[in-house]
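First the structure, in the form of structure tokens, and then the observations on it.
Protein chains: 2
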Amino acid sequence: MTIKEVCSRFGISPDTLRYYERVGVIPEVHRTAGGIRDYTEEDIGWVETAACFRSAGMPIDLLVEYVRLYKEGSSTISARCELLKQARAHLLAEQQKCKEALKKMNYKISVYEKAVETGVLDWNNGACGCPCSAEQE
Amino acid sequence: MTIKEVCSRFGISPDTLRYYERVGVIPEVHRTAGGIRDYTEEDIGWVETAACFRSAGMPIDLLVEYVRLYKEGSSTISARCELLKQARAHLLAEQQKCKEALKKMNYKISVYEKAVETGVLDWNNGACGCPCSAEQE
DNA sequence: ATACTACCTGGAGTTCACTCAAAGTCAAGA
DNA sequence: TCTTGACTTTGAGTGAACTCCAGGTAGTAT
Numbered sequence: 000m001t002i003k004e005v006c007s008r009f010g011i012s013p014d015t016l017r018y019y020e021r022v023g024v025i026p027e028v029h030r031t032a033g034g035i036r037d038y039t040e041e042d043i044g045w046v047e048t049a050a051c052f053r054s055a056g057m058p059i060d061l062l063v064e065y066v067r068l069y070k071e072g073s074s075t076i077s078a079r080c081e082l083l084k085q086a087r088a089h090l091l092a093e094q095q096k097c098k099e100a101l102k103k104m105n106y107k108i109s110v111y112e113k114a115v116e117t118g119v120l121d122w123n124n125g126a127c128g129c130p131c132s133a134e135q136e
Numbered sequence: 000m001t002i003k004e005v006c007s008r009f010g011i012s013p014d015t016l017r018y019y020e021r022v023g024v025i026p027e028v029h030r031t032a033g034g035i036r037d038y039t040e041e042d043i044g045w046v047e048t049a050a051c052f053r054s055a056g057m058p059i060d061l062l063v064e065y066v067r068l069y070k071e072g073s074s075t076i077s078a079r080c081e082l083l084k085q086a087r088a089h090l091l092a093e094q095q096k097c098k099e100a101l102k103k104m105n106y107k108i109s110v111y112e113k114a115v116e117t118g119v120l121d122w123n124n125g126a127c128g129c130p131c132s133a134e135q136e
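These protein sequence lines are chains A and B, in that order.
Mapping to numbering that gives the first Met the number 0: the first sequence position 30 is 29, numbers consecutive.
Mapping to numbering that gives the first Met the number 0: the second sequence position 129 is 128, numbers consecutive.
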């Protein structure tokens, strides 16, 4: 599979894919005799994993370290397991932050929707624990 | 409340707080006669909101635009409402990406935990739809 | 054989969100 | 009053993650 096909499949630019390979977010990709990248299913699996974790905000370093350990072979299995658990903690923290932001956001939107109807913003902070006191008008 | 107290309350550096004010993520903060920032409850409300949304990955521009509209007064209420809905969509997308990454991560960890016990990595891709074919060893 | 397009590399440039430094001011304690 | 330490501004510097560019090669269509 060409780089272009992989790009359109995952919504990543060719520059980004080459960058990922260069810094080690994914292992070296298979090439044609002429030196052009020809992604195997295995390569694509790595790209999908990298794209998934990156889109969730996982830092590059962590993915690079994982690939480094992977290349070292089965002696690093437990190290990789620890790394993944650390990565999971990171993701759970991100998810929690999203949740909190969404809670706050939903409250703000509900107040604004009422205001769009009535023309008056009516914050009711104490009741919801949402710190919107700064926005009384 | 001094800048230091606000910082320790939200885990933000003084530089970051001043930066937020400078670029307009939060409105101008109240000052003492000597020109030193003295955060009111209202100011703190803005900081909390900014910190919450920023930690969830909301871009600075969006928050700046919201504050800009807020300062323009009640004529921008419906515009602000639209902006918040757009922001919510952004957060929901983030949350979804976290969820997908966690699903993949949990599968990988489960495989690795088994491998740490047995010493053998045993991917079972077809069964879970998880693209881990790149990591068979 | 000749275009033409997509790919290659190495390295420089960009964007975002801070973060730091320099030089000066404010405020409390000895 | 002097010192000390926290605050102020302006502007430059940093790190992460791309993104672009120049100059060259691969592969296909005519």
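Every residue, glycine too, gets a C-beta built ideally from N, C-alpha and C.
Predicted, not measured: the structure shown is a model, and the values here were computed from it.
Check	Outcome
As an exercise, report each continuous alpha helix (DSSP H) stretch of at least 4 residues that is fully enclosed by the region 50 to 107 of chain B, in chain order.	59 to 71
In this structure, does DSSP put residue 8 of chain A in helix, strand or coil?	helix
So, is residue 38 of chain A buried or exposed, given that buried needs 16 or more other C-beta atoms within 10 angstroms?	buried
Could you say which of B/26, B/119 and B/107 lies nearest to residue 80 of chain A if we only look at CA atoms?	B/107
Quick one: is residue 19 of chain A buried, meaning 16 or more other Cβ sit within 10 Å of its Cβ, or exposed?	buried
Measure the alpha-carbon distance for residue 45 of chain B versus residue 102 of chain B and round it to whole angstroms.	34 Å
Going by C-alpha distance, which of B/83, B/69 and B/77 is nearest residue 139 of chain B?	No answer is possible for residue 139 of chain B: it lies beyond the span of chain B, which begins at 0 and ends at 136.
Going by other Cβ atoms of all chains shown within 10 Å of its Cβ, with 16 needed for buried, is residue 14 of chain B buried or exposed?	exposed
Establish whether the CB of residue 7 of chain B and some CB of chain A are separated by less than 7 Å.	no
Could you list the residues in the region 100 to 112 of chain A with a C-beta less than 8 Å from some C-beta on chain B, going in chain order?	100, 101, 103, 104, 105, 107, 108, 111 and 112
So which residues on chain B does residue 57 of chain A lean against when the C-beta distance must stay under 8 Å?	100
Considering just the uninterrupted stretch of the alpha helix (DSSP H) at residue 16 of chain B, what are its terminal residues?	13 to 22
Using the beta-carbon of each residue, which ones in chain A are nearer than 8 Å to residue 90 of chain B?	97, 100, 101 and 104
Mind checking the region 68 to 93 of chain B against chain A and listing, in chain order, the residues whose C-beta falls within less than 8 Å of any C-beta there?	69, 72, 73, 76, 77, 79, 80, 83, 84, 86, 87, 90, 91 and 93
Should residue 49 of chain B and residue 25 of chain B be called a contact, given that it needs their Cβ atoms to be closer than 7 Å?	yes
Measure the alpha-carbon distance for residue 77 of chain A versus residue 3 of chain B and round it to whole angstroms.	42 Å
Tell me which same chain residues have a C-beta within less than 8 Å of the C-beta of residue 31 of chain B, skipping the five on either side of it?	37
So, for residue 22 of chain A: in the same chain, excluding its five sequence neighbours on each side, which residues have a beta-carbon less than 7 Å away from its beta-carbon?	59 and 63
Under a CB-based cut-off of 7 Å, is residue 115 of chain B close to chain A?	yes
Enumerate in chain order the residues of its own chain whose CB-to-CB distance from residue 0 of chain A is below 6 Å, with the five nearest sequence positions on each side excluded.	38
Report the rounded CA-to-CA distance for residue 104 of chain A versus residue 87 of chain B, giving the unit in angstroms.	7 Å
In chain A, which residues lie with their C-beta within 7 Å of the C-beta of residue 12 of chain B?	Within chain A, no residue comes near residue 12 of chain B; the closest Cβ sits about 18 Å away, beyond 7 Å.
Show which residues of chain A have a CB atom less than 9 Å away from the CB atom of residue 61 of chain B.	None at all; the shortest Cβ gap to chain A is about 11 Å.
Does DSSP classify residue 128 of chain B as helix, strand or coil?	Unreliable positioning characterises residue 128 of chain B in this predicted model, as indicated by a pLDDT of 45, which lies under 50. The coordinate reading is nonetheless provided below. In the structure shown, residue 128 of chain B sits in coil (DSSP, three-state: anything other than H, G, I, E or B).
Around the C-beta of residue 29 of chain A, are 16 or more other C-beta atoms found within 10 angstroms, so that it is buried, or is it exposed?	exposed
Using the beta-carbon count (16 or more within 10 Å), is residue 16 of chain B buried or exposed?	buried
Helix or strand or just coil, what does DSSP make of residue 27 of chain B?	coil
The region 39 to 54 of chain A: which residues have C-beta closer than 8 Å to a C-beta of chain B, in chain order?	40, 41, 42, 43, 44, 45, 47, 48, 51, 52 and 54
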